[in-house]
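Peer 1:
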Amino acid sequence: MKKTSFNSDAPVVYSSEFGRMCPGCGKPLKDCVCRKNASGPAGDGVVRLRRETKGRGGKTVIVITGLPLDADKLSALAGELKRRCGCGGTAKDGVIEIQGDHADVLLAELAKRGYKAKRAGG
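Take any residue in the sequence shown, note its place counting from 1, add 1, and you have its number in the numbering used here.
1) Do A92 and A79 have their C-beta atoms closer together than 7 Å?
2) Tell me which same chain residues have a C-beta within less than 7 Å of the C-beta of V47, skipping the five on either side of it?
3) Quick check on DSSP: helix, strand or coil for L50?
4) Pick helix, strand or coil for K1, following the three-state DSSP scheme.
5) Between which two residues does the alpha helix (DSSP H) holding K74 run?
6) Just to confirm, are L75 and I65 a CB contact at a threshold of 7 Å?
7) What are the boundary residues of the beta strand (DSSP E) that includes V90?
As structure tokens, then:
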């Protein structure tokens with residue numbers, strides 16, 4: 002029989018006591034200090050709205066990129082924008098996706114909030 006070895010240097014990714022664990026700091030995700038200290042993505046200061054349909058079954062989605070916010074503030078802004086448009090969406094990987102073609106409403110709302118926003122793409 003082959004003997005398996007346990008690598009004690011490997012980080013814990015799940016604990017039955019705490020659930021998912023952060024691979025960076027080794028703490029439970031709700032107590033993670035890595036994400037709280039991480040700053041938002043650096044950009045050129047322009048928020049871009051792009052209309053996408055590829056890979057979405059023909060459905061239109063507005064993708065908002067370039068927001069200088071951390072994950073918590075990004076998801077809060079996504080919730081407010083979704084309520085403003087009356088539709089669904091998500092915030093993940095530093096971008097906000099809003100279902101439907103609400104680019105004009107989103108441009109006005111972001112400008113009202115003080116962001117320099119513009120349409121991107123064709």
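All C-beta atoms in this analysis are idealised placements derived from N, C-alpha and C, irrespective of residue type, glycine included.
Peer 2: Considering the structure as presented:
1) yes
2) G67, K117 and K119
3) strand
4) Only positions 2 to 123 of the chain appear in the structure, and residue 1 is not among them; the question remains open.
5) A72 to C86
6) no
7) Val is not the amino acid found at residue 90; the sequence shown has Gly there. Note, G90: beta strand (DSSP E), G90 to K93.
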